[in-house]
Every structure is written in structure tokens, then in C-alpha cells.
Amino acid sequence: MQVVTTNTQPFDDQKPGTSGLRKKVSVFTQKHYLNNFVQSIFNAVNGIESLVLGGDGRYFNATAIQVIVRMAAANGVNKLIIGRNGLLSTPAVSALIRHHQTDGGIILSASHNPAGENGDFGIKFNTPNGAPAPQHITDAIYRHSLKMNQYRTIQCTDIDLSRLGTFSVADMMITIIDPVDHYAGLMASLFDFDAISAMFATGFRMRFDAMHAITGPYAKAIFENRLGAPSGTVINGLPLPDFGGGHPDPNLIHAKSLVAELFSDHGPAFGAASDGDGDRNLILGKHCFVTPSDSLAVIAAMHEHVPVFSGGIKGVARSMPTSQAVDVVAQARAMEYFETPTGWKFFCNLMDAGRVQLCGEESFGTGGDHVREKDGLWAVLCWLNILAKTRQPVQTLLQNHWRAFGRHYYSRHDYENIDAQIADSMMQSMLEALRGCVGQAIADDVIRQADEFTYVDPIDASRAEHQGLRLILDNARIIFRLSGTGTSGATLRVYLERFHRHDIAMETQQALSELIQFADTFAQIKHKSGRQVPDVIT
Ligand code: VG1
Ligand code: CO
-2 MQVVTTNTQP FDDQKPGTSG LRKKVSVFTQ KHYLNNFVQS IFNAVNGIES
48 LVLGGDGRYF NATAIQVIVR MAAANGVNKL IIGRNGLLST PAVSALIRHH
98 QTDGGIILSA SHNPAGENGD FGIKFNTPNG APAPQHITDA IYRHSLKMNQ
148 YRTIQCTDID LSRLGTFSVA DMMITIIDPV DHYAGLMASL FDFDAISAMF
198 ATGFRMRFDA MHAITGPYAK AIFENRLGAP SGTVINGLPL PDFGGGHPDP
248 NLIHAKSLVA ELFSDHGPAF GAASDGDGDR NLILGKHCFV TPSDSLAVIA
298 AMHEHVPVFS GGIKGVARSM PTSQAVDVVA QARAMEYFET PTGWKFFCNL
348 MDAGRVQLCG EESFGTGGDH VREKDGLWAV LCWLNILAKT RQPVQTLLQN
398 HWRAFGRHYY SRHDYENIDA QIADSMMQSM LEALRGCVGQ AIADDVIRQA
448 DEFTYVDPID ASRAEHQGLR LILDNARIIF RLSGTGTSGA TLRVYLERFH
498 RHDIAMETQQ ALSELIQFAD TFAQIKHKSG RQVPDVIT
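Final position of the sequence shown in the working numbering is 535; the numbers increase by one with none missing.
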């Protein structure tokens, strides 16, 4: 085998964010850019001999796979498992790493960010437990990237990614697998497929929007082929390199037509969608949207209906900005509950330690301990399983939940592409003004605590600082943080939450209006960013 050592120069912008390294395609396609980052992974993580490799199929996916194949062979990998055509959803990669006990995996995705030549690309390393690399590893990768001066590769022609089977390149054995098979089998082992099939057989209808991203083939295999949902249940099911020009972020804005269908009188009983890489989920009922925070709480409350949780739920975790709805369930059911920073990696130590079996983020992320990523289709199957067992409409389940546990009105307002310096200075001014907030009233509530969130991992005591600013009232919270996944400018996220013991049946933005007003004044959003309204409200 001819290993070629190529001289290069470091880039200074390869610091992984909330979920790996995300950049514009034009950045990733610069000469040596991808090579440098991949070499940084091999340098930072010693002894990678086996890997799972795949991505969400976006533009540059297949090219990047060929680059990584050559570099893996040159860096001592002897076993490489790749999804056919380079495709694998994020949760499927996590499942495969665990199943084949590899030394990790590389996921090519920028998740919900738009794709195509002018879109975004991303790369992420997952560890042998299937989890996104923890902070100390991403820090090490970044440090290596800053002093990168050569990378190792081999010279060989492109491999054929379209044919299933095993072959070798240099000293490395490559197996091309069907991207869906193992994952679909795993799902069948976790849920009551007979009960769900029986529900479809009675005429129950759902619509799943794959948004021309990775979940199309998975959703067709599971919902239509295995569970007997009519063909056409899955829409936009063909993964396209530019996701059909859309924005595969499953929320009320970007899944507009699905939402419209569910809110029409003749729509199906259940609607769902996932994102670019298959780890997010949107849950809709007839005339009804389930916020991700509520979805987490409902699954926790109704987990007895789902075989996944036949061992019970010992603990649950949510990211800090996620509403406290699940905490209320945990208190009532004597579960441990945890609050972690934004980003799935923070849940994984708790899962490994057996402390939590269900986790969620307000950003349409829900998952269990079957893998170490959030899992869009898994969350949809949780809901289908609950629906199959209760045979009640989503809206009824949600209203019953609010009756039992109270209702957390919740919304996130995003101000996108703000000048990065302005955004930083907004955060800084707020930080300085935090202390003065305590004691101030908002409507009939009072700010009791105002601070910057620092997390100390209960398992390994690692610390994560600067994880968002919080204003905590008796029955409400306002949270500010800057996104760590964007690729141009800064995105300010404002998270708003207000608890009512009894549902006041008010429209969400109206129920939150005083908090929204206070947030705008406190952050001086209009004044400093020049924005009159948020770009995205979910
Ligand atoms: C966003 C979400 C966060 C999520 C992350 C990755 O991060 O808020 O909850 O874990 O995306 O999601 P940020 O830093 O932009 O707020 V995805 O579907 O990449 O894998
Ligand atoms: Co995603």
C-alpha cells in the first residue's frame, strides 16, 4: 500500500460547534480543508481501527466519502462499514457503531441546514458508544487542526458505493451495507409493530414528510412496507443532494404544507416529519401541533404503552431551554430528572450510566438509550405505539396530559444572521444586566433568579460553561443563547415558557406576550439588531 503524506497548512476555523463542524460547501471544498479535519480526527483519537461511515446524502456527501475512505486506509483503519451510496441517517450510524462495536463513526451532515452547492456541509465524529464526541475530544480535534501540516492518504481509484458487499482497499476491508436494514430491525424490536399494523388496518391514516432528506427510504421501509400504511403515506421520500431546494427542518415554518394538511378537515389523523439527517421529529395530530417539549412529557407519562420502556423509566433529561413539562411528569412518577446544556452529547454519559432512558430537546429532538443520538423515526414510532394502544386522537391525549400535569406554554424565537459582533455585544450587555433583573415583575410573576447556565456532568464532573442566560420566575422562564450550528453570522435564540396549572386555552404567542415584550426590552433586540420580528417562531 502506498501511503502518501501530503503537506498542508492549517485552517483556523475548524472548531466543532453544537454538533460537529458545519460550514458552507464553498468552505469545505477548499483544497485540503476536509483532509485537514479528517486527519485532525485521526490525530486526536488514537487507535481508530474500525469505523462506520455515512451521511445524509447532501451535495458533496459522496465525494467526501471517497476522500475519507482513502485517508482511513492510510491511517490504520482495517474495517470500514459504509451505507450504500454513502447514505446513513445519524441515528442509524449510532446504532451501527454500537452493533458492530467499532471504534467510532464519521457522520457527514449539516442536519437541518439547507444543502446543495450553495448550502452547508458538515462532519462529525462519534465515539464507540455511538455518541457525538464529547467536548474534550472535539477540543482536541480543534487543537490538532490548528497545527496541521500534513495528512496521510493513499492513492486509489474511487470505490463503487452502489454495490452491497465486502471487498478490500489496500489493507482495509470495506463492507457496503443496506442503510435501512439494521435500523428497521432495531425499531421492530423496540415497538409493538403488530399493534401499530392493526391500527393501520382499521383505516388509520398518517402522513410522513421526509423533506427529500435521509429518512425517505427508512420511513417507506418501516411505515409502508413493515407496518402496512398505504403507499403515499411517506411524501418527499426521495433523498436529493439539495433536499429539493427546501429547508429540511421539521417545524411549523418549514413543514408548512404538512401542517396545512393536518389542520384541514379532511387530513389524516397523524402527521410527522424529520430533518436532513433523520434525528429530529415533528409531531402533529388533527388540528393539533405537539411542541417537542410536550411530546417528551407525553411520552414520559405514557411510557407504559411502549415496549421500549418495558423496564420502566428510571430517569429523564432535557436540555436547559426545553420546557419543564417533563420535570412535572418525572416528579409525579418518581423518576430522576436532569437539565443539561443544548446538544445531544450532554445526555450520553447519563444514558451510559443507566440514569436516563428518555431525553429531549425543544429543537424537535427526542430519543432513548437504544442509540446515543436523537432519533426522529423512533419518536414517531413512540407516538404511533401510544396511539395504537390508546386509540385516542393526539389532541385528546395532549389535553388529558395538560389536565393532569398543567400546561407549559412554550415558544422559541430565532433572530438569524445577526452580525456576529452585534450578537456578542448583546449577550455581553445582558450578562452585565442580569443581576439587576432579580426581583423585577413580569405580569403577575417575579424574576427570582438570573444567571448564566453552567453544567457540571453528574457522571464525570466535566464542566460546560456559557450555556445560555436564564431569567427564572416562579412560573415562567426566559432564556437567551447563541446558536452553535449556523454558518453565517450569529443566530440569537430566545426561549419563552410559562406554566399554567390549568390550561387557559389561549393562543401560545398571546399567552407569552408579556414575556416576549420583556425579552425584547431586556435584550434590546429591536434596537441593537434592527430586527422588528423574529425570523422563525416555533
Ligand atoms: C441546534 C439545536 C440543538 C441541537 C443542535 C443539533 O443547536 O438548538 O438543540 O442539538 O441544533 O441538532 P444550536 O446551537 O443551533 O441551537 V441537529 O438535528 O444537528 O443534529
Ligand atoms: Co439533525
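Just so you know, even glycine gets a beta-carbon here, dropped at the ideal spot from N, CA and C.
Because the structure is a prediction, the values reported are computed rather than measured.
Nearest-angstrom Cα distance between residue i and residue j?
i	j	result
F220	G373	13 Å
P214	G234	7 Å
A294	T319	11 Å
A297	T363	11 Å
K525	R277	32 Å
K144	D324	44 Å
T99	L93	8 Å
S228	V287	25 Å
F344	A128	9 Å
L158	G80	8 Å
S422	L489	12 Å
A252	D206	8 Å
S261	G527	36 Å
H133	Y139	10 Å
I120	F25	10 Å
R204	A210	16 Å
I415	A487	5 Å
D9	D136	13 Å
A61	L18	14 Å
D191	F197	10 Å
G241	H179	27 Å
L161	F306	34 Å
T15	G264	36 Å
S165	L48	14 Å
G351	I38	28 Å
Give the C-beta separation of residue i and residue j to the nearest angstrom, bearing in mind that I take them to be a contact with Cβ-Cβ under 8 Å.
i	j	result
E336	R315	6 Å
P247	S271	6 Å
V326	V353	Contact flag wrong, Cβ pair sits at about 13 Å.
N146	Q27	Wrong, their Cβ atoms sit about 16 Å apart, outside the cutoff.
G54	P236	4 Å
S91	R369	5 Å
L279	F361	6 Å
Y412	P531	6 Å
D448	L431	6 Å
Y406	H497	7 Å
M169	A70	4 Å
A520	L493	About 12 Å; that fails the 8 Å criterion.
Say yes only if the C-beta of residue i is nearer than 6 Å to one or more non-hydrogen atoms of ligand 2, and no if none qualify.
i	result
D372	no
F204	A quick correction: the sequence has Arg, not Phe, at residue 204. Incorrect: R204 has no Cβ contact closer than 6 Å to ligand 2.
R409	no
R277	yes
S108	yes
Could you have a look at residue i and say whether DSSP puts it in helix, strand or coil?
i	result
E494	strand
A128	coil
L249	coil
K217	helix
E258	helix
D324	helix
Y56	coil
G433	helix
F201	coil
D471	coil
E358	strand
R400	helix
M170	strand
I211	coil
Quick check: is any heavy atom of ligand 1 less than 6 Å from the C-beta of residue i?
i	result
D532	no
S91	no
R67	no
G51	no
D272	yes
E336	no
E494	no
E358	yes
S485	no
T135	no
T482	yes
T15	yes
T339	yes
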